[in-house]
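Peer 1:
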Amino acid sequence: MSEHPASTEDQLALILQKLNRLQTSVDSLRATRLQELKDMPYKDYLQTPEWKATAIRKKDSVGHSCQVCDSTEKLNTHHRTYERRGEEEDNDLLVLCANCHGLFHNKLKEEKPRTGRMSFRSGEE
Ligand SMILES: [Zn+2]
Ligand SMILES: [Zn+2]
4 MSEHPASTED QLALILQKLN RLQTSVDSLR ATRLQELKDM PYKDYLQTPE
54 WKATAIRKKD SVGHSCQVCD STEKLNTHHR TYERRGEEED NDLLVLCANC
104 HGLFHNKLKE EKPRTGRMSF RSGEE
């Protein structure tokens with residue numbers, strides 16, 4: 004018998020080992036990038052491909068209309084919380100038209116006059 008019955012298993016084991024190692028480095032790259040996303044200035048974060056993909060996904064999920072008034076014009080993806088920046092959950096975000104978005108931020112400003120970080124500028128999400 005010239006066959007080596009163990010060789011296929013050995014090869015599989017080797018491939019699995021490689022995949023594991025690859026997964027580990029992917030995971031660590033992802034963790035590093037996530038930390039980067041959390042640490043960078045918020046205005047820079049809004050320019051990242053990660054945030055753009057998240058914002059588009061959210062808009063897709065609500066059918067590209069404002070969740071307050073159903074307008075389909077000038078939609079922004081608004082953060083209800085920045086807690087999970089870089090790995091936002093669906094409930095962390097709201098799709099708002101520019102009008103409602105502005106109202107939303109002004110309202111927050113009135114309710115919490117002491118928190119300067121919520122003041123709204125155009126282009127902010
Ligand atoms: Zn609206
Ligand atoms: Zn907002």
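The sequence shown begins at 4 in the numbering used here and counts up one residue at a time. Using N, Cα and C, we set each Cβ at its ideal position, and we do this for glycine too.
(1) Using DSSP bridges, identify the partner residues of V98.
(2) Quick test of your reading: M21 and G89, contact by CB under 8 Å. State the CB separation rounded to the nearest angstrom.
(3) Distance, Cα to Cα, G66 vs N109?
(4) Can you give, in chain order, each stretch of the beta strand (DSSP E) that sits fully within the region 26-98 and has at least 3 residues?
(5) Which whole-angstrom value is the C-beta distance of R83 and L99, which I expect to be below 8 Å?
(6) Could you check whether T51 and E128 sit closer than 7 Å to each other, using their CB atoms as the reference points?
(7) When you compare the CB positions of R87 and D95, do they come within less than 7 Å of one another, or not?
Peer 2: With the structure as the only source:
(1) T80
(2) Position check: residue 21 holds Lys in this sequence, whereas Met was assumed. Contact doesn't hold; Cβ gap of about 28 Å is too wide.
(3) 25 Å
(4) 78-82
(5) With a Cβ gap of about 10 Å, R83 and L99 do not count as contacting.
(6) no
(7) yes
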